[in-house]
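K.L.:
First, the structure itself, so that you have it in front of you.
Number of protein chains: 2
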Amino acid sequence: MAETDSIDIPQDFDGLKATILERKAQLPKRLRQVAAYALDHPDEIAFGTAASIATSADVQPSTLVRFAQHFGFEGFSSLQQIFRARLRERTPGYDERLKALSANDHSKLESGSIFNGFVAAAHRSLDNIATSVEPEAFERAVNILAGAETIYLVAKRRSYPISGYMAYAFGKLKVKYQMVGTAAGIDDDILAMVGPKDAAFAVSFSPYASESINQAKFLASRKVPVVSLTDSAFSPLAESSTVWFELVEADHAGFRSLSASMAFAMALTVAVAEKRRRSAQEH
Amino acid sequence: MAETDSIDIPQDFDGLKATILERKAQLPKRLRQVAAYALDHPDEIAFGTAASIATSADVQPSTLVRFAQHFGFEGFSSLQQIFRARLRERTPGYDERLKALSANDHSKLESGSIFNGFVAAAHRSLDNIATSVEPEAFERAVNILAGAETIYLVAKRRSYPISGYMAYAFGKLKVKYQMVGTAAGIDDDILAMVGPKDAAFAVSFSPYASESINQAKFLASRKVPVVSLTDSAFSPLAESSTVWFELVEADHAGFRSLSASMAFAMALTVAVAEKRRRSAQEH
DNA sequence: TGGCGAATAGAATATTCATTCCACCGTTCC
DNA sequence: GGAACGGTGGAATGAATATTCTATTCGCCA
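Protein sequences appear in the order of chains W and L. Numbering of the first sequence is given in my numbering, commencing with residue 1 and proceeding in unit increments. Numbering of the second sequence is given in my numbering, commencing with residue 1001 and proceeding in unit increments.
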């Protein structure tokens, strides 16, 4: 029926928008009406049903289908997917960064796309963290750790580099800390020394290392405040935590980024040291 | 039937999330499963159908309805509205988003500016890395490490988390590696075993840890190819390296980010494993 | 004015969907 | 040990949906 120029069916919202604007002049009355409505109310298209949209746009449902088919889509539903994808991907700055990435010539080489992928994932993670971490909670976490005598760092496996960095930075900043879980066996001895004046920072992402979870539980049972960083509100870590942060790292090829966690760890570390410096000055 | 406590039906996503977390412990198995999925994949709930979501969450469609009713909603559809509203409200415009960043911002609170600073520094680092790393050099580095029998990881202090991550990832990927510099004293013994079939990856940023430099020199003298990551063309590490990458991390308050280095390390790790997998398939 | 083709409206249809219902299972409480 | 109960899976149901089909209208040119 309609000439299915399968070559130039718009694949994303920007492409669709461009195509619509291009052909807008040649469009029949009702289809133009739909075009205008679609570009003015993209959210409605994304969420509404054909019937509800038709009513809003003062058009028949069948017109929507014809509109979609006119642009090469199979039907209204597949057109709608474009509008939905637009809302999904709506991570700020994401498009521009991706374009900048593909502009360099990494992708030409075999390993290049892997490199690009991880840089992009790191960007996404960072975009995400800025909105997901609540300033008040962060402030509370800083207060807890700044008030502690010794800060216990709990992290295993994939999270270990994070506590590793914090250990280094705390050392430089003359903040007393103790890593839990470096060498096997002595963890219990270390944990036996904790007191209510101390505090802990725990990091664990799915799949959660059972030792970290247990150690956090133990600390909580000893009335030691626990600040934790994890990837789900349902993380078993959250139960044992006084303050916890949900941080979903973007991934590439199944390997999750660590960039957001690292940035968080750095900020927390420095903020704690800064807080201590200030309160020391006051006395 | 279900006691419709019409007073506390969550009206927005945040309220719903709070309610879910509150009752999480008392939830039956399947409902908890749905709860976890819902909070971890809100976009899927917003756009998917009950059937598709049920499949993804490994649950029956009816369970979704029961879940919704359990929280006071009439059915799944009305619950879904909450998730859709969440996407609607997300400020779509780019400039609006910037406004949101500074308004919803951390900088009001004491520690907030520190947090923002580190996230921004991480972004800058990542923006930087994409242009400063040459694809050809990256490809060469991958080839060198992929061809090695054992990969020696050299990093101290601030760089240690990077090699720490690589060690974890290499372990998962079944790539033979050896960390140099974990415990004091045994480094020499470890290095005594290196052969020309091996390769090394060294990381060191200014101020360069002298041990890392010396170990890299030693490796080079043994004809072991060294891939290195450092922050200056004048780095003493560069002299001993077969391939080296200059990577300047942005800093906040004098603390340099690690995000770019981490992204680089991940990319390198996965690219090496991928290369090995492919060449293994060919034979 | 008359005729022709594209465009449209609106009913008809087939599909998909959320919801309901019921039988089964595992616990808990007499 | 058995009854009661909340939780669960899965099929049945009826509503709602996108799409198709056809009669009608509209715009255009002779």
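All C-beta atoms, glycine included, are put in the ideal place defined by N, C-alpha and C.
Return the chain-ordered list of same chain residues with a C-beta closer than 7 Å to the C-beta of Val248 of chain W, the five sequence neighbours on each side being excluded.
P.N.:
Contacts found: Asn128 and Asp231.
K.L.:
Residues of chain L with CB under 7 Å from Asp43 of chain W, in chain order?
P.N.:
Arg1088, listed in chain order.
K.L.:
Is Pro1010 of chain L close to chain W, meaning its C-beta is less than 8 Å from at least one C-beta of that chain?
P.N.:
No, its Cβ sits nowhere closer than 8 Å to a Cβ of chain W.
K.L.:
Measure the CB-CB distance between Val224 of chain W and Ala202 of chain W and report whether it falls below 8 Å.
P.N.:
No. Outside cutoff.
K.L.:
Please confirm whether Gly1075 of chain L has its beta-carbon closer than 8 Å to some beta-carbon of chain W.
P.N.:
Taking Cβ atoms only, chain W never reaches closer than 8 Å to Gly1075 of chain L, which makes this a no.
K.L.:
Answer with buried or exposed for Thr1055 of chain L, where buried requires no fewer than 16 other C-beta atoms within 10 angstroms of its C-beta.
P.N.:
Exposed is the call here.
K.L.:
What is the residue span of the beta strand (DSSP E) that Met179 of chain W lies within?
P.N.:
Counting along the chain, the beta strand (DSSP E) containing Met179 of chain W begins and ends at Tyr177 to Val180.
K.L.:
Please determine, among L:Met1179, L:Ala1199, L:Arg1277 and L:Ala1046, the residue with the shortest C-alpha to C-alpha distance to Ser1241 of chain L.
P.N.:
The residue with the shortest Cα to Cα distance from Ser1241 of chain L is L:Ala1199.
K.L.:
Does the region 111-128 of chain W touch the region 250-257 of chain W, meaning 3 or more C-beta pairs lie closer than 8 Å?
P.N.:
Touching, yes.
K.L.:
Starting from Phe234 of chain W, find everything on chain L with Cβ-Cβ shorter than 8 Å and list it in chain order.
P.N.:
The contacting residues are Lys1024, Arg1032, Ala1035, Ala1036, Leu1039 and Asp1040.
K.L.:
Would you report the Cα separation of Ala155 of chain W and Phe1013 of chain L, rounded to the nearest angstrom?
P.N.:
Those two C-alpha atoms are separated by around 31 Å.
K.L.:
Work out the CA separation of Glu282 of chain W and Phe218 of chain W for me, nearest whole Å.
P.N.:
Whole-angstrom Cα-Cα distance: 34 Å.
K.L.:
Taking the straight line between their C-alpha atoms, what separation do you get for Arg140 of chain W and Val243 of chain W?
P.N.:
Computed Cα separation, rounded: 7 Å.
K.L.:
Per DSSP, what are the beta-bridge partners of Arg256 of chain W in this structure?
P.N.:
According to DSSP, which records beta bridges pairwise, Arg256 of chain W is partnered with W:Asp251.
K.L.:
Please list the partners that Phe118 of chain W has in chain L, where partner means a Cβ-to-Cβ separation under 7 Å.
P.N.:
The answer, in chain order, is Ala1263, Met1266 and Ala1267.
K.L.:
Roughly how many angstroms lie between the CA atoms of Asp58 of chain W and Leu31 of chain W, to the nearest whole one?
P.N.:
Distance between the alpha carbons of Asp58 of chain W and Leu31 of chain W: 11 Å.
K.L.:
Which of the three DSSP states, helix, strand or coil, is assigned to Ser228 of chain W?
P.N.:
Ser228 of chain W: strand per DSSP, three-state reduction.
K.L.:
Could you give the residue range of the beta strand (DSSP E) that holds Ala1155 of chain L?
P.N.:
That run of the beta strand (DSSP E) goes Ile1151 to Ala1155.
K.L.:
For Phe292 of chain W, count neighbouring Cβ atoms within 10 angstroms of its own Cβ and tell me buried if that reaches 16, exposed if not.
P.N.:
With chain W covering only 1 through 283, there is no way to say anything about residue 292 of chain W.
K.L.:
Does the CB of Ile133 of chain W have a neighbour CB from chain L at under 8 Å?
P.N.:
Note that residue 133 of chain W is Val in the sequence shown here, rather than Ile. Chain L, which has a Cβ nearer than 8 Å to the Cβ of Val133 of chain W, makes this yes.
K.L.:
Could you name the residues of the same chain whose beta carbon sits closer than 7 Å to that of Ser1062 of chain L, not counting the 5 residues immediately before and after it, in chain order?
P.N.:
The answer is none, since no qualifying residue turns up.
K.L.:
Could you give the first and the last residue of the continuous beta strand (DSSP E) run that contains Val203 of chain W?
P.N.:
Element bounds for Val203 of chain W: Ala199 to Ser204.
K.L.:
Mapping the DSSP letters down to three states, classify Val142 of chain W as helix, strand or coil.
P.N.:
Helix at Val142 of chain W.
K.L.:
Tell me, to the nearest whole angstrom, how far the beta carbon of Val133 of chain W is from that of Ser1111 of chain L; I am working on the premise that it is less than 8 Å.
P.N.:
Actually they are not in contact, since the Cβ atoms of Val133 of chain W and Ser1111 of chain L sit about 11 Å apart, beyond 8 Å.
K.L.:
Tell me the rounded alpha-carbon separation between His106 of chain W and Ser113 of chain W.
P.N.:
With a pLDDT of only 49 at His106 of chain W, under the threshold of 50, the placement of this residue in the model should not be trusted, and no figure is reported.
K.L.:
Can you tell me the Cβ-Cβ gap for Ala1122 of chain L and Ala192 of chain W, rounded? I've got them flagged as a contact below 8 Å.
P.N.:
Not confirmed; about 37 Å, so no contact.
K.L.:
Taking 8 Å as the threshold (C-beta atoms), are Ala1038 of chain L and Lys1027 of chain L in contact?
P.N.:
For the sequence presented, residue 1027 of chain L should be read as Leu rather than Lys. No, the pair does not count as a contact, with Cβ atoms beyond the cut-off.
K.L.:
In the region 137-163 of chain W, which residues sit with their C-beta less than 8 Å from some C-beta in chain L, listed in chain order?
P.N.:
For the region 137-163 of chain W, which is checked against every Cβ of chain L, the residues closer than 8 Å are Phe138, Glu139, Val142, Arg157, Arg158, Tyr160, Pro161 and Ile162.
K.L.:
Could you tell me which chain L residues have their CB closer than 8 Å to the CB of Phe71 of chain W, listed as they occur along the chain?
P.N.:
The premise fails here: Phe71 of chain W is roughly 21 Å from chain L at the closest Cβ pair, so nothing lies under 8 Å.
K.L.:
Report yes if the CB atom of Arg86 of chain W is closer than 8 Å to the CB atom of Pro42 of chain W, and no otherwise.
P.N.:
It is a contact, given that the beta carbons lie within the stated cut-off.
K.L.:
Which bits of chain L does Val227 of chain W rub up against, with CB to CB less than 8 Å?
P.N.:
Chain L residues near Val227 of chain W: none, gap ~13 Å exceeds 8 Å.
K.L.:
Whose C-alpha, out of W:Val119, W:Lys172, W:Ala137 and W:Ala216, is nearest the C-alpha of Tyr152 of chain W?
P.N.:
The candidate whose alpha carbon is nearest that of Tyr152 of chain W is W:Ala216.
K.L.:
Are the C-beta of Glu249 of chain W and some C-beta of chain L separated by less than 8 Å?
P.N.:
Answer no: the Cβ-Cβ gap between Glu249 of chain W and chain L never drops below 8 Å.
K.L.:
So that I know if they touch, is there some Cβ in chain L lying closer than 8 Å to that of Glu282 of chain W?
P.N.:
False, the Cβ-Cβ gap to chain L never drops below 8 Å.
K.L.:
Quick check: what's the CA-CA separation for Gly1181 of chain L versus Arg157 of chain W?
P.N.:
Whole-angstrom Cα-Cα distance: 18 Å.
K.L.:
Sorted by chain position, which residues of the same chain lie with C-beta nearer than 8 Å to Ile1213 of chain L's C-beta, five sequence neighbours on each side aside?
P.N.:
Around Ile1213 of chain L: Ser1204, Pro1236, Leu1237 and Ser1240.
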